[in-house]
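Remarks on the structure that follows.
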Amino acid sequence: MFAVLKTGGKQYKVQAGDVLRVELLAANAGDKIQFNEVLMIGGDAPVLGSPLVEGAAVQAEVIDQIKADKVITFWKRRRKHSSQRTRGHRQKLTLVRVTDILASGAEKSGVAAATGTYAARVAAHNAEAKPAEAPKAKRASKKAEA
């Protein structure tokens, strides 16, 4: 049995036991996570989602947080400008091992959903947000008083 899941803007075809390098997730090494965006489940009776398969999930265990190889970008302006610029980038990744593929019952599993760091920061910010205050009454302008 295999599944096609979506995370970090990419799609992965996985089966139990696979090790994936995915975009950075808000999870620590040893945590169990669950990918809820499953596009397809394959096997004896394939199921295609439109766009997602309802109730399906892929469970995985976080192995480590790693960095990808460095990518060097180099710009050079020719002729009279004679300027050049070099910049490097190392993408942060999460190494996960797929443990189980659930065709149904993902809501009842009790495993935390896999979220990227941006989504986790927004959720944490919204949880800490203060309750909305009542708007202050506007002061009357001097022209209205006269």
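Position 77, counted from 1, in the sequence shown is what this note's numbering calls 67; the numbers after and before it change by one each time, with no gaps. Beta carbons are placed, not taken as given, at the ideal position from N, Cα and C, and that holds for glycine. Treat the numbers as computed from the prediction; the structure is a model and nothing was measured.
Original post:
On the premise that Leu85 lies in contact with Thr47, defined as a C-beta separation below 8 Å, what is that separation, rounded to the nearest angstrom?
Top reply: In the sequence as displayed, the identity of residue 47 is Ala instead of Thr. Their Cβ separation, rounded to whole angstroms, is 19 Å, which puts Ala47 and Leu85 out of contact at 8 Å.
Subject >> contact_flag[the segment 2 to 10, the segment 69 to 88] where n(CB pairs < 8 Å) is 3 or more >> reply: The segment 2 to 10 vs the segment 69 to 88: in contact.
Subject >> Top-ranked residue by Cα proximity to Val37, from Arg80, Phe(-8), Ala113 >> reply: Phe(-8)
Original post:
If you drop the 5 nearest sequence neighbours on each side, which residues of the same chain put their C-beta closer than 8 Å to that of Ala102?
Top reply: Ala17, Asp21, Lys22, Ile23, Gln24
Original post:
Whose C-beta lies closer than 8 Å to the C-beta of Gln5 among residues of the same chain, with five residues either side of it excluded?
Top reply: Met(-9), Phe(-8), Ala(-7), Val88, Ile91
**OP:** Can you give me the start and stop residues for the beta strand (DSSP E) that Pro47 sits inside?
**Re:** The sequence as given places Ala at residue 47; Pro does not occur at that position. It spans 47 to 57 - the beta strand (DSSP E) in which Ala47 sits, taken as one unbroken run.
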